[in-house]
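Participant:
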Amino acid sequence: MGKIEDLQVINGEGYQLSTLDKVIAAARKNSVWPLPFATSCCGIEYMATMGSNYDLARFGMERMSFSPRQADLLIVAGTISKKLAPILKQVYEQMAEPKWVLSVGACASSGGIFDTYSVLQGIDRVIPVDVYVPGCPPRPEQIIDGIMKIHEMVKNEPLRRRYSDEYKSLMNKYNIEGNEE
Amino acid sequence: MKSKLENNAVLELLNGKFGENIKSSEQPFDLLTVEVTSESAHEVVSWLKSEPSLAISFLTNLGAVHYPDNQGREIAVVYHLHSLINNFRIRLKAYLPIENPEIKSITDIYIAANWMERETYDFYGVQFAGHPNLKRILNEDSMDYFPMRKEYHMEDATREDKDDRFFGR
């Protein structure tokens, strides 16, 4: 479970009080299951981040989810060609709400050095992105910093955000069908 | 290792067999390079393979080059062939007009030519007549141009798919 201060509890004799969204947010924040979508050198940096030296597991991210159905966080690390774009979008659509996207490195964020006919100039052309990590490739520390930013968003996300009109219009912008209430 | 075949001897054989269809030849870096007419390319490749004294029966590579200033013969289809028995290499070139870059497929001679011809079609738009499955192989199917042709600016300042705020170009 999360650190006790995340919950902003009222302590008493033998009980603690908080609000439901804070408890849920703390639970989500400390068990974000990432789906790595790694295509190139950023993927190698991501693997280092995941490994024992940098150790994502200490943030409750022990389990890499290689199925989008059980993933909360899509980590796109590497160059995405235009041919791959519909596949990336399909993976995103297969993830259940709530879901977040971390774009790792210059290529995923903007196309990077591959300013060419075959490369997607940033994954935000096909799916919405929550946090961008710059770098070519970024060091594991930077990727962890990006994940900390994701944690901050997860922790502060209102329970009803995914049903809001703003969120629906964002999904519509990408031609992605939103979740039914 | 030295080849068992001599460039000039092979060229003589080709000239004797195909005459008018052999248009020119050169030997850069001792690699025999023969320009053939586009109509005869298929026949030449086939003959080189079946002629027992040559046995040039391995397709090393097949590709194309775009020469935009070469009026009426802009696209060159290039065949690299190799004789494993004689350790001999030869390069064939056939020039095509860019309005109708069509040449007979050699997939009936070399199965390996299948993907090479698809790639050449994908990037240069060369139409290989008789190819069993001539569609794009590397690029997305919806692409409506041939990206390796020298028809495009190195960089287009009017492009909107790159956000200059982050690149300072």
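Heads up: the protein sequence lines correspond to chains R and D, in order.
My numbering numbers the first residue of the first sequence as 1 and each following residue consecutively.
My numbering numbers the first residue of the second sequence as 1001 and each following residue consecutively.
Glycine included, C-beta positions come from ideal geometry on N, C-alpha and C.
Residue 955/D: buried (16+ other C-beta within 10 angstroms of its C-beta) or exposed?
Facilitator: Summary: the structure shown does not reach residue 955/D, with chain D confined to residues 1001 through 1169, and so no result is reported for it.
Participant: Below 8 angstroms on C-beta distance, what does residue 1147/D contact in chain R?
Facilitator: Numbered from 1 along the second sequence, position 147 holds the residue referred to as residue 1147/D. Within chain R, the residues near residue 1147/D are 117 and 118.
Participant: Do residue 1044/D and residue 1023/D come within 8 angstroms of each other at the CB atom, strictly closer than that value?
Facilitator: Residue numbering aside, residue 1023/D sits at position 23 when the second sequence is read from its first letter. Residue numbering aside, residue 1044/D sits at position 44 when the second sequence is read from its first letter. No, they are not a contact pair.
Participant: Check distances from the C-beta atoms of the segment 55 to 89 of chain R to those of chain D and list, in chain order, the residues that come in under 7 angstroms.
Facilitator: Going along the segment 55 to 89 of chain R in chain order, one finds 82 and 83 with a Cβ nearer than 7 angstroms to chain D.
Participant: Would you please verify whether the beta carbon of residue 1133/D is less than 8 angstroms from any beta carbon of chain R?
Facilitator: Numbered from 1 along the second sequence, position 133 holds the residue referred to as residue 1133/D. Judged by the 8 angstroms Cβ criterion, residue 1133/D is not in contact with chain R.
Participant: If the cut-off is 7 angstroms on Cβ atoms, which residues from the segment 1116 to 1142 of chain D count as contacting chain R, listed in chain order?
Facilitator: Cβ contacts with chain R come from 1139 and 1140.
Participant: Where does residue 1142/D sit, in a helix, a strand or coil, going by DSSP?
Facilitator: Indexing the second sequence from 1 puts residue 1142/D at position 142. In this structure, residue 1142/D counts as coil in the three-state DSSP scheme.
Participant: What are the boundary residues of the alpha helix (DSSP H) that residue 15/R is part of?
Facilitator: On the first sequence, position 15 is the one that residue 15/R refers to. That residue, residue 15/R, is in no alpha helix (DSSP H); its beta strand (DSSP E) goes 15 to 17.
Participant: Decide if residue 1130/D is buried, meaning its Cβ has at least 16 other Cβ atoms within 10 Å, or exposed.
Facilitator: Counting from 1 along the second sequence, the entry for residue 1130/D is found at position 130. So residue 1130/D ends up on the exposed side.
Participant: Identify whether residue 25/R lies in helix, strand or coil by the three-state DSSP scheme.
Facilitator: Taking the first sequence and counting its residues from 1, the one referred to as residue 25/R is at position 25. The answer is helix: DSSP assigns residue 25/R an H, G or I state.
Participant: Would you report the Cα separation of residue 16/R and residue 24/R, rounded to the nearest angstrom?
Facilitator: Residue numbering aside, residue 16/R sits at position 16 when the first sequence is read from its first letter. Residue numbering aside, residue 24/R sits at position 24 when the first sequence is read from its first letter. Spanning the two alpha carbons is a distance of roughly 15 angstroms.
Participant: Within the same chain, show all residues whose beta-carbon is closer than 6 angstroms to that of residue 1062/D, passing over the 5 residues directly before and after it, in chain order.
Facilitator: Working through the second sequence from its first residue, we reach residue 1062/D at position 62. Excluding positions up to five away in sequence, the list reads 1079, 1113 and 1116.
Participant: Determine whether the beta carbon atoms of residue 121/R and residue 133/R lie at a separation below 8 angstroms.
Facilitator: For the purposes of this step, residue 121/R is taken as residue 121 along the first sequence, with counting starting at 1. For the purposes of this step, residue 133/R is taken as residue 133 along the first sequence, with counting starting at 1. No, they are not a contact pair.
Participant: Taking the alpha-carbon positions, what's the residue 38/R to residue 77/R distance?
Facilitator: The count along the first sequence starts at 1 and reaches residue 38/R at position 38. The count along the first sequence starts at 1 and reaches residue 77/R at position 77. Their backbone Cα atoms lie some 5 angstroms apart in a straight line.
Participant: Give me the Cα-Cα distance between residue 1169/D and residue 1046/D, rounded to the nearest whole angstrom.
Facilitator: For the purposes of this step, residue 1169/D is taken as the residue at position 169 of the second sequence. For the purposes of this step, residue 1046/D is taken as the residue at position 46 of the second sequence. Note that residue 1169/D scores 46 on pLDDT, short of 50, meaning its location in the model is unreliable; the coordinates nonetheless yield the value given after this. Distance between the alpha carbons of residue 1169/D and residue 1046/D is about 52 angstroms.
Participant: What are the start and end residues of the alpha helix (DSSP H) that includes residue 90/R?
Facilitator: Along the first sequence, one-based indexing puts residue 90/R at 90. Run containing residue 90/R: 85 to 94, per the alpha helix (DSSP H) assignment.
Participant: Go to residue 1010/D, then tell me how far its alpha helix (DSSP H) extends in each direction, as first and last residue.
Facilitator: Locating residue 1010/D in the second sequence gives position 10, counting from the first residue. It spans 1007 to 1018 - the alpha helix (DSSP H) in which residue 1010/D sits, taken as one unbroken run.
Participant: For residue 101/R versus residue 127/R, is the C-beta distance shorter than 8 angstroms?
Facilitator: Sequence index remark: in the first sequence, residue 101/R carries index 101 (1-based). Sequence index remark: in the first sequence, residue 127/R carries index 127 (1-based). Yes, Cβ-Cβ distance for residue 101/R and residue 127/R is below 8 angstroms.
Participant: Where does residue 1029/D fall in DSSP's three states?
Facilitator: Position 29 of the second sequence, counting from 1, holds the residue named residue 1029/D. Here residue 1029/D sits in helix by DSSP.
Participant: How many Å lie between residue 1009/D and residue 1048/D at the Cα?
Facilitator: Position 9 of the second sequence, counted from the first residue, corresponds to residue 1009/D. Position 48 of the second sequence, counted from the first residue, corresponds to residue 1048/D. Taking the straight line from one Cα to the other gives about 13 angstroms.
Participant: Would you mind sorting residue 110/R into buried or exposed? The rule is 16 or more other CB atoms within 10 Å of its CB.
Facilitator: On the first sequence, position 110 is the one that residue 110/R refers to. Looking at its Cβ environment, which holds 16 or more other Cβ atoms inside 10 Å, residue 110/R is buried.
Participant: Rounded to whole angstroms, what's the CA-CA distance from residue 34/R to residue 162/R? Just pull it up for me.
Facilitator: To locate residue 34/R, count along the first sequence from 1; it is residue 34. To locate residue 162/R, count along the first sequence from 1; it is residue 162. The straight-line gap from Cα to Cα measures roughly 19 angstroms.
Participant: Take residue 1074/D as the anchor and find which of 1098/D, 1134/D and 1123/D has the nearest alpha-carbon.
Facilitator: Taking the second sequence and counting its residues from 1, the one referred to as residue 1074/D is at position 74. The shortest C-alpha separation from residue 1074/D is found at 1098/D.
Participant: Considering Cα atoms alone, identify which of 1064/D, 1050/D and 1065/D is closest to residue 1058/D.
Facilitator: Stepping through the second sequence from its first residue, residue 1058/D is reached at position 58. Residue 1050/D is the option with its Cα nearest to residue 1058/D.
Participant: Look up residue 164/R in the DSSP assignment and give the residues it is bridged to.
Facilitator: Taking the first residue of the first sequence as 1, we reach residue 164/R at position 164. Answer by DSSP bridge pairing: none, since residue 164/R is not bridged.
Participant: Please list, in chain order, all residues of the same chain as residue 1/R whose beta carbon is under 6 angstroms from its beta carbon, the five residues on each side excluded.
Facilitator: Counting from 1 along the first sequence, the entry for residue 1/R is found at position 1. Here residue 1/R scores only 44 on pLDDT, less than 50, and its place in the model is too uncertain to base an answer on.
Participant: From residue 174/R to residue 130/R, what does the alpha carbon distance come to, in whole angstroms?
Facilitator: Counted from its first residue, the first sequence places residue 174/R at position 174. Counted from its first residue, the first sequence places residue 130/R at position 130. Cα to Cα, the separation comes out at about 14 angstroms.
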